[in-house]
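Residue numbers (mature numbering (1 follows the signal peptide of the UniProt record, and there is no 0)): -19 to -1, 1 to 521. What follows is a short report on a single structure.
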């Protein structure tokens, strides 16, 4: 019997190891690409391939990434889920931590994988380039956990994910493909004809097997039961499930026992969740291979098992099973008191806004537009003739509920080092449609812990002590769910919220944004200024 772990942009946790330095070269190239064999486009890729090459490292390694831009547009690379402890300058956030790398340019990112392990990924962070520039980053807890003799385990075969041993592993990378040219789609999102996001035309698994695509996905493997063991790089207690709900930016590690007949192949089905403008689905085939060979047992088209009917997915359920998950033997988490009140609460209210003159649609958060800094904010602070001090007045006013925590001068949300802050993120109804949409929010540079959720608009007096997550799990991407009755007759109506607890222990300038790229580009993003007086990069 074979025990297989699927990394569905997944993860594990860390052990102390002897650290190494690993250097990776990522070359942005322009290539003709047509995953659907119909709509060929010239797109930017990493090292002439899609997905980009997987990068492998071990906990506490120092990583040196050399990005060379041989493409036609400026770019940056962000390592999604990597906390960049002490290295905010390596986060790859354009306009905030660095200027985009121009065509013909080169940029070096150096960071240490401090106490992190799991499956992460890297992607471009400029325009819609993340449609094409993306690839997995797998961090093993120690050298002996590497799965093959090609790794750093000295030829041993002791593959494990935290306390779980398994025989082999596979990466399942979910992505989307639009037949429309990316430049045209970007012009539409940012222009005056915008009337909602364009649903992708195809759904890709590891860049292959096109079928129609979605933003939030339910994934089920027909004939197998799966055990979820990690989420967003953090170990959780085993949770048996027949399907996964995966939002943009989320990762899972899933253990699957291969106990079905090897004479057949099995379906992996995908269904759209929390999106109203598509009925698209996707599928792939799970096939056995010979133990002694990487080649497939079937030479041509696989024979599916007799029970090959499409699975019936359950209906969307707000929060899915997330409130039931528990962290696994995490001493740091168990020391945290989620019942204790925070130092203060920041409430974020994103709303779509139509500019009456330009007729363009933008997202405003608490009425603030996303700034467009001419010089990256980190460099602005570095060039100041005096040491930058965090705006304590903004923090103090927010504590006494006389302000929303926004610093109008720097256009950031300042958080003091070691502060405990609850951030309430809303969703609201869309312009012209009256629909309340779901939004996956991602934090750069720090994890967050969902502790509560509710419908409508957050009421601090009533909801400040509410807890709907009994055992909060550390995450870097959380879906903000809409109300069950998510249709309203007007735009901008608050229709659901989730409260995230933050422990401010990593000084830096960090993005916090919706991971639907079109929404992020339209302004659904804030910058958290965390303990900036302690940022090493600003201290020379």
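In this text, a Cβ means the ideal position worked out from N, Cα and C, and glycines have one as well.
Residue from the options whose Cα sits closest to the Cα of residue i
i, options, result
"residue 92", "40, 53, 405, 30", "40"
"residue 409", "155, 462, 9, 511", "462"
"residue 370", "87, 228, 511, 109", "511"
"residue 49", "38, 109, 26, 336", "26"
"residue 477", "359, 345, 34, 406", "406"
"residue 317", "455, 216, 363", "455"
"residue 496", "231, 43, 88, 145", "231"
"residue 38", "6, 306, 127", "127"
"residue 221", "306, 229, 164", "306"
"residue 516", "228, 70, 394", "70"
"residue 125", "114, 146, 113", "146"
"residue 429", "336, 414, 460, 443", "460"
"residue 97", "513, 354, 340, 61", "61"
Short Cβ contact (9 Å threshold) for residue i with residue j
i, j, result
"residue 73", "residue 51", "no"
"residue 502", "residue 170", "yes"
"residue 365", "residue 309", "no"
"residue 519", "residue 78", "no"
"residue 382", "residue 441", "yes"
"residue 1", "residue 68", "no"
"residue 479", "residue 433", "yes"
"residue 351", "residue 172", "no"
"residue 427", "residue 485", "yes"
"residue 448", "residue 320", "yes"
"residue 335", "residue 347", "no"
Presumed contact (8 Å Cβ cut-off) between residue i and residue j, rounded CB distance
i, j, result
"residue 458", "residue 421", "6 Å"
"residue 183", "residue 81", "28 Å between Cβ atoms; not a contact."
"residue 438", "residue 475", "4 Å"
"residue 108", "residue 54", "7 Å"
"residue 162", "residue 22", "6 Å"
"residue 388", "residue 379", "Rounded, the Cβ-Cβ distance is 10 Å, inconsistent with contact."
"residue 473", "residue 332", "4 Å"
"residue 451", "residue 304", "7 Å"
"residue 19", "residue 160", "7 Å"
"residue 425", "residue 488", "Incorrect: roughly 13 Å between the Cβ atoms, too far for contact."
"residue 63", "residue 94", "7 Å"
"residue 423", "residue 494", "6 Å"
Inter-residue Cα distance where the pair is residue i and residue j
i, j, result
"residue 90", "residue 65", "10 Å"
"residue 416", "residue 8", "41 Å"
"residue 102", "residue 11", "21 Å"
"residue 156", "residue 118", "16 Å"
"residue 56", "residue 168", "17 Å"
"residue 411", "residue 338", "20 Å"
"residue 344", "residue 75", "18 Å"
"residue 144", "residue 492", "33 Å"
"residue 4", "residue 47", "8 Å"
"residue 215", "residue 100", "10 Å"
"residue 391", "residue 403", "21 Å"
"residue 185", "residue 464", "30 Å"
"residue 191", "residue 327", "Any answer about residue 191 is weak, because its pLDDT of 47 lies below 50 and its placement is not dependable; what the coordinates show is given next. Approximately 42 Å between the Cα atoms of the pair."
"residue 153", "residue 122", "20 Å"
"residue 188", "residue 32", "6 Å"
"residue 151", "residue 238", "13 Å"
"residue 120", "residue 361", "33 Å"
"residue 453", "residue 223", "22 Å"
"residue 229", "residue 500", "12 Å"
"residue 84", "residue 29", "16 Å"
"residue 498", "residue 506", "10 Å"
"residue 342", "residue 149", "47 Å"
"residue 281", "residue 509", "Low confidence applies to residue 281: its pLDDT is 40, below 50, so where it sits in the model is not reliable enough to give any reading."
"residue 45", "residue 357", "22 Å"
"residue 113", "residue 225", "24 Å"
"residue 158", "residue 178", "14 Å"
"residue 58", "residue 104", "6 Å"
"residue 513", "residue 88", "23 Å"
"residue 471", "residue 176", "15 Å"
"residue 24", "residue 227", "26 Å"
"residue 376", "residue 443", "22 Å"
"residue 414", "residue 164", "25 Å"
"residue 355", "residue 14", "33 Å"
Short CB-CB distance (under 9 Å) between residue i and chain D
i, result
"residue 490", "Absent from the structure is chain D; it holds one protein chain and no more."
Residue i beta carbon near the ligand GTP (any heavy atom closer than 8 Å)
i, result
"residue 50", "Absence of the ligand GTP from the depicted structure is noted, as is the absence of any ligand whatsoever, leaving it without description."
Ranges of the alpha helix (DSSP H) found wholly within the segment 321 to 374, counting only runs of at least 4:
Secondary structure remark: continuous alpha helix (DSSP H) runs of at least 4 residues inside the segment 321 to 374, in chain order: 358 to 363.
Uninterrupted beta strand (DSSP E) stretches inside the segment 22 to 88 (no shorter than 3 residues): Fully enclosed beta strand (DSSP E) runs of 3 or longer: 22 to 27, 36 to 39, 43 to 50, 58 to 61.
**Request:** Please go through the segment 141 to 195 and give each complete beta strand (DSSP E) segment of 3 or more residues, from N-terminal end onward.
**Result:** With a minimum length of 3 residues, the continuous beta strand (DSSP E) runs that stay inside the segment 141 to 195 are 149 to 152, 155 to 158, 183 to 186, 189 to 192.
Task: Minimum length 3: unbroken beta strand (DSSP E) runs contained in the segment 405 to 454 - done: Taking only runs of at least 3 residues, the beta strand (DSSP E) segments lying wholly in the segment 405 to 454 are 420 to 424, 430 to 435.
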